[in-house]
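Numbering (numbering that gives the first Met the number 0), first residue to last: 0 to 211. To start, the structure itself, in structure tokens.
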Amino acid sequence: MSLFFGKKEQVVIELFRQHLDAVEDTILKLQDLICSKDKEKQKELAEEVRKAETAADQIRRKAELEMYSGAFLPNFRGDLLGTIEALDRIANKAESVADEIDLQDLIIPKEIHENLKALISKSLETYKALKEAAKEMFEDFEKASQMIVKTERFEHETDEIERSTIRKIFSLDIPLAEKIQLKDLVHRIADISDTSEDVSDRIQIILYKRKV
0 MSLFFGKKEQ VVIELFRQHL DAVEDTILKL QDLICSKDKE KQKELAEEVR KAETAADQIR
60 RKAELEMYSG AFLPNFRGDL LGTIEALDRI ANKAESVADE IDLQDLIIPK EIHENLKALI
120 SKSLETYKAL KEAAKEMFED FEKASQMIVK TERFEHETDE IERSTIRKIF SLDIPLAEKI
180 QLKDLVHRIA DISDTSEDVS DRIQIILYKR KV
């Protein structure tokens, strides 16, 4: 049973959930891009990531407008505004990875292709755990807390993949400039997971406040 019953609040909750889906769609599109080895297809997929990020941004604005119209009490409204803005940064980071691959015309060595696929897959898994925590924030505090723990665990696993991938990059027989370029790409992909954990920390604070 929902904790909030007002019509304005229900509208915001629905938009919030739509935004969670839209952010996930941005990461899913990025995953398709990273898994593709076709350069022309990559350009198309990069544009799909940009469109998905724009869609998430539009939903965020709608949710913010509804909140500014008076949905929720001021303290919780501020926390929720901060959360949805932080969630939107995840979509922005996915777009920045797509731009980096597309605009720099990055060539990903075959030796690390599986590593990058594992990295974006784990980053997506981290986000999905965060998404469940965010949805349950309105319904089930205990389940939300459990999903926050999962988010933290998946983020730690992402860090491990990130380190092993960078180690492999610097073992390759390619120019140093390319190694640095690829290292930056790896950091940006892993940052999706890092930011998901940051948002989960924010949600944990909201839960603490709601329990008081």
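All C-beta atoms, glycine included, are put in the ideal place defined by N, C-alpha and C. Being a predicted model, the structure only gives us computed values, none of them experimental.
Report buried or exposed for residue i, applying the criterion of at least 16 other Cβ atoms within 10 angstroms of its Cβ.
{"i": "A176", "result": "exposed"}
{"i": "M0", "result": "Low per-residue confidence applies at M0: pLDDT is 36, beneath 50, and the placement is therefore not dependable, though the value from the model is reported in the following sentence. M0 should be labelled exposed."}
{"i": "H18", "result": "buried"}
{"i": "S170", "result": "exposed"}
{"i": "E39", "result": "exposed"}
{"i": "K208", "result": "exposed"}
{"i": "R59", "result": "buried"}
{"i": "T53", "result": "exposed"}
{"i": "I191", "result": "buried"}
{"i": "L72", "result": "exposed"}
{"i": "V148", "result": "exposed"}
{"i": "K36", "result": "exposed"}
{"i": "K109", "result": "exposed"}
{"i": "K130", "result": "buried"}
{"i": "K92", "result": "buried"}
{"i": "K215", "result": "Nothing about residue 215 can be reported from this structure: the residues present for the chain run from 0 to 211 only."}
Just confirm the distance between the C-beta atoms of residue i and residue j, as a whole number of angstroms; I'd bet it's less than 8 Å.
{"i": "A128", "j": "D87", "result": "The pair is not a contact, with the Cβ atoms about 18 Å apart (cut-off 8 Å)."}
{"i": "Q30", "j": "L123", "result": "6 Å"}
{"i": "L115", "j": "T164", "result": "7 Å"}
{"i": "L32", "j": "V22", "result": "With a Cβ gap of about 16 Å, L32 and V22 do not count as contacting."}
{"i": "V185", "j": "E161", "result": "6 Å"}
Do residue i and residue j have their C-beta atoms closer together than 8 Å?
{"i": "K6", "j": "S68", "result": "no"}
{"i": "D24", "j": "A51", "result": "yes"}
{"i": "T157", "j": "A132", "result": "no"}
{"i": "E99", "j": "R187", "result": "yes"}
{"i": "E94", "j": "V10", "result": "no"}
{"i": "E154", "j": "S120", "result": "no"}
{"i": "K42", "j": "D78", "result": "no"}
{"i": "A90", "j": "L14", "result": "no"}
{"i": "T125", "j": "R201", "result": "no"}
{"i": "K167", "j": "I107", "result": "no"}
{"i": "F140", "j": "L44", "result": "no"}
{"i": "K142", "j": "R16", "result": "no"}
{"i": "Q180", "j": "L105", "result": "yes"}
{"i": "F137", "j": "I12", "result": "yes"}
Cβ of residue i within 7 Å of any heavy atom in the ligand NAP?
{"i": "K178", "result": "What this structure holds is no ligand at all, so the ligand NAP is not there to describe."}
In chain order, which alpha helix (DSSP H) runs of at least 4 residues are fully inside the stretch 14-89? 38-67
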